[in-house]
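J.: In the working numbering, the protein residues as written are 91 to 493. Have a look at the structure that comes next, please.
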Ligand code: CS2
Ligand code: MG
């Protein structure tokens, strides 16, 4: 069997999404997600100009060999652009192999470890009251786990808070980076009251998650982790930038609040210390940005040795193709923790058909051969690429900070 062609499909049904489609001489094709929010065209070029020419004529069944070829053969290793490109090829090849085997992808990984995959939704609010209303709406939809983010008095905009209840908060239409202002002090003084309010209104059973989004120093993260211990969070995410993995030793000394990190990781080397020293509880490196199923399986297996669980990133800037592949992986992976779920826009749902389904707080991946996701290329062409950037953050004194 041979790869005869491959193409990159860029579409913007509410936000830019990049899909790689690999076609074989058997007529079977596979697709992979190649979306890197704000840097999409860099991955498009990496695939079109440097990867696709090397794939033509290769045997699509040789997933591992092609992964090694693209990882080692580039000479320049790691990084989000190359690892996202490799991931798209990898997921497309797993899709092809499973279609040929006429099996849902999870069967090729090792079969079911669970009947359904627990997900968490996003409850955001400009203030605590409106966030509580969103939590209630998610509970009514059946979610057992909800990420809570609210506006901070004295700060105009903060991460993860939609301008209008129920509307996406992810910026997808800024032609150049918008600049936001941040105050750690105002945030730290306010956010523990959010969790207190959620617990008082909804009790102990609901899983509460929160994303700090890289904005604290280690000692500030230690303070927050300690202060929120009474509210038993499921996890505190990205509490400090993790390039310096040993920073988490300081945080771990001060708090038992579970820690999640890794949505910006693309390699096991980004998190090896965090995992083997048990400095975190959940690893979030998503299939699309961490080199695909082949590489994330290595990370997950390594994490299992140290009782670290998976908690894949699943924001809407990861396409339904990523969600589909992730749900098959989540169905198999023994050390599964939780899966993020942000509903894609209706336009995105029309461009990407999928076999995965939501029911009462859980997803199932579907039994369709492959990962069960497809793209309507004609419909995709109706949504041309729109330049868009993630925002940039500054402290109140103008210092450039983490968004
Ligand atoms: C966030 C993301 O979902 C999350 O946990 O950190 O929404 C993140 O802001 C975006 O994926 C960035 O593109
Ligand atoms: Mg996050």
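Even glycine gets a Cβ: it sits at the ideal position worked out from N, Cα and C.
Between residue 378 and residue 177, what straight-line distance do the alpha-carbon atoms span, to the nearest angstrom?
T.: Their backbone Cα atoms lie some 5 Å apart in a straight line.
J.: Taking DSSP as the reference, what is the three-state secondary structure of residue 98?
T.: Three-state DSSP puts residue 98 in a strand.
J.: What span of residues does the beta strand (DSSP E) with residue 120 cover, start to end?
T.: It spans 119-123 - the beta strand (DSSP E) in which residue 120 sits, taken as one unbroken run.
J.: Buried or exposed, going by whether 16 or more other CB atoms sit within 10 Å of the CB of residue 146?
T.: It counts as exposed.
J.: Using a Cβ-Cβ cut-off of 8 Å (strictly less than) and excluding sequence neighbours within five positions of residue 381, which residues of its own chain qualify?
T.: Correct list, in chain order: 157, 161, 173, 176, 177, 180, 356, 357.
J.: Residues around the ligand CS2, please: the ones whose beta-carbon is closer than 5 Å to some heavy atom of it, in chain order.
T.: Spelled out in chain order, the answer is 127, 301, 405, 407.
J.: I need the straight-line Cα distance from residue 299 to residue 387, nearest angstrom please.
T.: About 24 Å.
J.: Taking only heavy atoms of the ligand MG into account, decide whether any of them is closer than 8 Å to the Cβ of residue 303.
T.: Within the cutoff, so yes.
J.: Flag this pair as yes or no: are the beta carbons of residue 225 and residue 291 separated by less than 9 Å?
T.: Result yes, Cβ atoms of residue 225 and residue 291 sit closer than 9 Å.
J.: With residue 483 as the anchor, note down where its beta strand (DSSP E) starts and where it stops.
T.: Unbroken beta strand (DSSP E) run through residue 483: 482-485.
J.: What do you get for residue 167, buried or exposed, if any count of 16 or more other CB atoms within 10 angstroms of its CB means buried?
T.: Result: exposed.
J.: Residue 389 lies in the alpha helix (DSSP H); which residues open and close that run?
T.: Its alpha helix (DSSP H) spans residues 382-395.
J.: Sort 367, 408, 469, 307 by Cα distance to residue 105 and report the nearest one.
T.: Nearest of 367, 408, 469, 307 to residue 105, Cα basis: 408.
J.: Express the C-alpha separation of residue 352 and residue 232 in angstroms, rounding to a whole number.
T.: Computed Cα separation, rounded: 27 Å.
J.: Would you kindly work out how many angstroms separate the C-alpha atoms of residue 321 and residue 422, rounded to a whole number?
T.: About 31 Å.
J.: Using a Cβ-based criterion (distance less than 8 Å to any ligand heavy atom), does residue 328 qualify as near the ligand MG?
T.: It does: the Cβ of residue 328 is within 8 Å (strictly closer) of some heavy atom of the ligand MG.
J.: Determine the DSSP secondary structure at residue 213, reduced to helix, strand or coil.
T.: Note: residue 213 maps to strand in three-state DSSP.
J.: Taking the alpha carbon of residue 154 as the reference point, which residue from 187, 230, 459 has its own alpha carbon closest?
T.: It is 187.
J.: Using DSSP bridges, identify the partner residues of residue 298.
T.: Residue 298 pairs with 236.
J.: Just to confirm the assignment, what range does the beta strand (DSSP E) spanning residue 332 have?
T.: Note, residue 332: premise wrong, no beta strand (DSSP E); not H, not E.
J.: For a test of your reading of the model: does the CB of residue 359 fall under 8 Å from any non-hydrogen atom of the ligand MG? Yes or no.
T.: No, the Cβ of residue 359 stays beyond 8 Å of every heavy atom of the ligand MG.
J.: Any contact between the stretch 385-400 and the stretch 430-445? By contact I mean 3 or more CB pairs, one from each, below 8 Å.
T.: Flag = no, the stretch 385-400 and the stretch 430-445 do not touch.
J.: Using a Cβ-based criterion (distance less than 8 Å to any ligand heavy atom), does residue 431 qualify as near the ligand MG?
T.: Because no heavy atom of the ligand MG lies under 8 Å away, the Cβ of residue 431 does not count as near it: no.
J.: How would you label residue 280, buried or exposed, when you count the other beta carbons within 10 angstroms and need 16 or more for buried?
T.: Buried, since its Cβ has 16 or more Cβ neighbours within 10 Å.
J.: Which residue wins for smallest C-alpha separation from residue 43, given the options 435, 436, 416?
T.: Since the displayed the chain opens at 91 and closes at 493, residue 43 lies outside it and no answer follows.
J.: If residue 453 and residue 431 are in contact, beta carbons under 8 Å, what's the gap, nearest whole angstrom?
T.: Sure, about 7 Å apart at Cβ, within 8 Å.
J.: Please report the distance separating the alpha-carbon of residue 127 from that of residue 250.
T.: In a straight line, the C-alpha of residue 127 is about 15 Å away from that of residue 250.
J.: Closer than 8 Å: is that where the CB of residue 219 sits relative to any heavy atom of the ligand MG?
T.: Outside the cutoff, so no.
J.: Mind checking whether residue 118 and residue 171 have CB atoms under 9 Å apart?
T.: Not a contact, by the Cβ cut-off of 9 Å.
J.: Is the Cβ-Cβ distance between residue 482 and residue 192 less than 9 Å?
T.: Going by C-beta atoms, residue 482 is not nearer than 9 Å to residue 192.
J.: Just to confirm, does residue 270 get its C-beta within under 8 Å of one of the non-hydrogen atoms of the ligand MG?
T.: For the ligand MG, not one heavy atom lies less than 8 Å from the Cβ of residue 270.
J.: What are the uninterrupted segments assigned as beta strand (DSSP E) that are 3 or more residues long and contained completely in the stretch 424-487, given in chain order?
T.: Whole beta strand (DSSP E) segments, 3+ residues: 442-444, 447-449, 452-454, 463-465, 482-485.
J.: Closest to residue 397 by CA distance: which of 374, 370, 410, 223 is it?
T.: Here the closest residue by C-alpha is 370.
J.: When you measure from the CB of residue 403 to every non-hydrogen atom of the ligand MG, does any distance come out below 8 Å?
T.: Yes - the ligand MG has a heavy atom lying nearer than 8 Å to the Cβ of residue 403.
J.: Leaving aside the five residues before and after residue 403 along the sequence, list all residues of the same chain whose C-beta is less than 7 Å from its C-beta, in chain order.
T.: These residues qualify, in order along the chain: 353, 374, 376, 430.
J.: On the criterion of 16 or more Cβ atoms from any shown chain inside 10 Å, does residue 335 qualify as buried, or is it exposed?
T.: Residue 335 is buried by the Cβ-count criterion.
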